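Undergrad: Structure below; questions to follow.
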Amino acid sequence: GGTMRAVILETLDAIGPLAADWEGLARRSPFATPAFCLSWLAAHREQVSPFVIALFENDRLVGVAPWAIARSPRGLRGVTGIGGPDIPYHDPVLPATPDPALDAIVGCMRRASRAWDRLSLCLRSGPGLALVERLRPLGWTMLERLPHTVIRFEADWEDYWEGRSKHFRNNL
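Structure representation (structure tokens):
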């Protein structure tokens, strides 16, 4: 491989030229969610500002940390996923050999640490958890989140639905 370079992209205009390569990474990654897609970022641009870390090797996009800055009600700037803090799974999509990419992300975050006040990332993949371990020695920690509830439906949806209370059905 070549030299890994990490660049922070803070506007949709800066991200736009990478759209095809970005979507290609998303299709190949087991960790990408719908909130990883650029269309998701465009739809939520009123709630978050892009803070995407693009990873290049020999000028080719090889990874993306699909993040953004969201302001809390108290005005704190938190690094979160591009879909906002309520969407789980903010894991970066990295090349097959992730260590140089993780080091590049950490270096990039160190250089830009004045752009944010806290990390509000939900990292759950192997590379995401490895990133957490690299950030801890710097005194940076993630807000811990409990896994989201999963509802398993019975084979016969109608029987399942009829067996639930009205309150349950309304809340669902």
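According to my numbering, the sequence shown is numbered sequentially starting from 902. Every residue, glycine too, gets a C-beta built ideally from N, C-alpha and C. Just so you know, these numbers come straight off a predicted model, no measurement behind them.
1) Quick one, which of N1071, W1017 and I1006 has its alpha-carbon nearest G976's?
2) Between the Cα of V963 and the Cα atoms of L1022, V908 and A971, which residue gives the shortest distance?
3) For A1005, is the classification buried or exposed, using 16 other Cβ atoms within 10 angstroms of its Cβ as the cut-off for buried?
4) In three-state DSSP terms, what is R906?
5) Three Cβ pairs or more, each shorter than 8 Å: is that satisfied between the region 940-953 and the region 990-1008?
6) Whose C-alpha, out of G917, I954, A921 and G985, is nearest the C-alpha of A1013?
7) Is the Cβ-Cβ distance between L1003 and P1038 less than 8 Å?
8) Where does the unbroken alpha helix (DSSP H) through R1012 begin, and where does it stop?
9) DSSP beta-bridge partners for W968?
TA: The structure says:
1) Numbered from 1 along the sequence shown, position 75 holds the residue referred to as residue 976. For G976, the closest C-alpha among the options N1071, W1017 and I1006 is that of W1017.
2) Taking the first residue of the sequence shown as 1, we reach residue 963 at position 62. Nearest C-alpha to V963: V908.
3) To locate residue 1005, count along the sequence shown from 1; it is residue 104. Looking at its Cβ environment, which holds 16 or more other Cβ atoms inside 10 Å, A1005 is buried.
4) Here residue 906 corresponds to residue number 5 of the sequence shown, with the count starting at 1. Here R906 sits in strand by DSSP.
5) The answer is no - the region 990-1008 does not touch the region 940-953, with fewer than three Cβ pairs under 8 Å.
6) Taking the sequence shown and counting its residues from 1, one reaches residue 1013 at position 112. Nearest of G917, I954, A921 and G985 to A1013, Cα basis: I954.
7) Stepping through the sequence shown from its first residue, residue 1003 is reached at position 102. Stepping through the sequence shown from its first residue, residue 1038 is reached at position 137. Taking 8 Å as the Cβ cut-off, L1003 and P1038 do not qualify as a contacting pair.
8) Within the sequence shown, numbered from 1, the residue matching residue 1012 stands at position 111. In the DSSP annotation of this structure, the continuous segment of the alpha helix (DSSP H) that includes R1012 starts and ends at D1000 to R1012.
9) For the purposes of this step, residue 968 is identified with residue 67 of the sequence shown, where counting begins at 1. W968 pairs with G982.
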